[in-house]
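Residue numbers (this note's numbering): 116 to 332.
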Ligand SMILES: Nc1ncnc2c1ncn2[C@@H]1O[C@H](COP(=O)(O)OP(=O)(O)O)[C@@H](O)[C@H]1O
Ligand SMILES: [Mg+2]
């Protein structure tokens, strides 16, 4: 109904987050751009690991410290070869630049030096761009993208976990994550049903709270 379809799903565990990435990998195709946002420890890399698994990538998917982008080889659900460009813009977009500074330009410069700037605007055949801290780039990208935002909930509802774990324990123990997938552009909106199915399959048996978010801005 709305211009931008939104799918929301609550993911209680890190393995659930990996499953979500893995099942979404089945709907990902050549030329896709997927942006991940959320605070440090939200689960962006965990989700990326699921995508990697779903694309049959053997190499470990980690957040590189000194590079901002890595290229990994896998294959699509169709069997065609896939090249995953995993970008982690934390160093550029996450901390060192204040909000509102020209993060997008700084990131584009870095990607250009890696020969990857073109990939963001129009990924080449067989390429999928998956970008952590990608929210800074949304404005300069193509109209077609999947934006995934992950939020940690501070009140851990419905689990036995200690609700007031305010410090580092929260980053390592399983905890509920609210995931919001914004399907931007017609190529993603055409896949809405498959994405909803993938999301609900990923959290099956784990009290899914899945639905279309029509009111949130
Ligand atoms: N429901 C969940 N989804 C994803 N990660 C979770 C979840 N619950 C706990 N975690 C933990 O949170 C951390 C997320 O780290 P990571 O994926 O590297 O975050 P980011 O890349 O967003 O900084 C991991 O230690 C993971 O095990
Ligand atoms: Mg990360």
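Backbone N, C-alpha and C define an ideal beta-carbon position, used for all residues, glycine too. Because the structure is a prediction, the values reported are computed rather than measured.
Check                                                                                                                                                                         : Outcome
For residue 120, which residues from the same chain have a beta carbon less than 6 Å from its beta carbon, with the 5 sequence-adjacent residues on both sides left out?      : 298, 304, 307
In angstroms, rounded to a whole number, what distance separates the CA positions of residue 258 and residue 196?                                                             : 25 Å
Between 249, 268, 312, which has its C-alpha nearest residue 127's C-alpha?                                                                                                   : 268
Evaluate residue 142 with the Cβ neighbour count: other Cβ atoms within 10 Å of its Cβ, from every protein chain shown; 16 or more gives buried, anything less gives exposed. : buried
Under the criterion of a Cβ to heavy atom distance below 7 Å, does residue 266 qualify as lining ligand 2?                                                                    : no
With a Cβ-Cβ cutoff of 8 Å, do residue 159 and residue 310 count as a contact?                                                                                                : no
Return the CA-CA distance between residue 144 and residue 204, expressed in angstroms with no decimal places.                                                                 : 22 Å
DSSP three-state call for residue 182: helix, strand or coil?                                                                                                                 : coil
Could you pull out every residue in the same chain whose Cβ sits closer than 7 Å to the Cβ of residue 272, ignoring the five residues on either side in sequence?             : Only weak support is given to the placement of residue 272: the predicted model assigns it a pLDDT of 45, under 50, and the question is left unresolved by the model.
Excluding the 5 residues flanking residue 279 on each side, which residues of the same chain have their C-beta closer than 6 Å to its C-beta?                                 : Caution is warranted here: a pLDDT of 45 is assigned to residue 279, below 50, making its placement in the model unreliable, and the coordinate value is therefore given only provisionally. Same-chain partners within the cutoff: there are none.
Taking its Cβ as the centre, do 16 or more other Cβ atoms sit within 10 Å of residue 177, making it buried, or is it exposed?                                                 : exposed
Which of the three DSSP states is assigned to residue 172 in this structure?                                                                                                  : coil
Can you list, in chain order, the residues of its chain whose CB lies under 6 Å from that of residue 122, leaving out five sequence neighbours each side?                     : 296, 310, 311, 314
Just to check, is the beta-carbon of residue 155 closer than 7 Å to a non-hydrogen atom of ligand 1?                                                                          : yes
Quick check: residue 174 and residue 187, are their CB atoms within less than 8 Å of each other?                                                                              : yes
Any idea what DSSP makes of residue 319, helix, strand or coil?                                                                                                               : coil
Does any heavy atom of ligand 1 sit closer than 7 Å to the C-beta of residue 290?                                                                                             : yes
Consider the C-beta atom of residue 131 and the heavy atoms of ligand 1; say whether any pair is separated by less than 7 Å.                                                  : yes
Figure out for me which residue from 260, 318, 293 has the closest Cα to the Cα of residue 300.                                                                               : 260
Reducing DSSP to helix, strand and coil, say where residue 271 ends up.                                                                                                       : Note that residue 271 scores 47 on pLDDT, short of 50, meaning its location in the model is unreliable; the coordinates nonetheless yield the value given after this. Here residue 271 sits in coil by DSSP.
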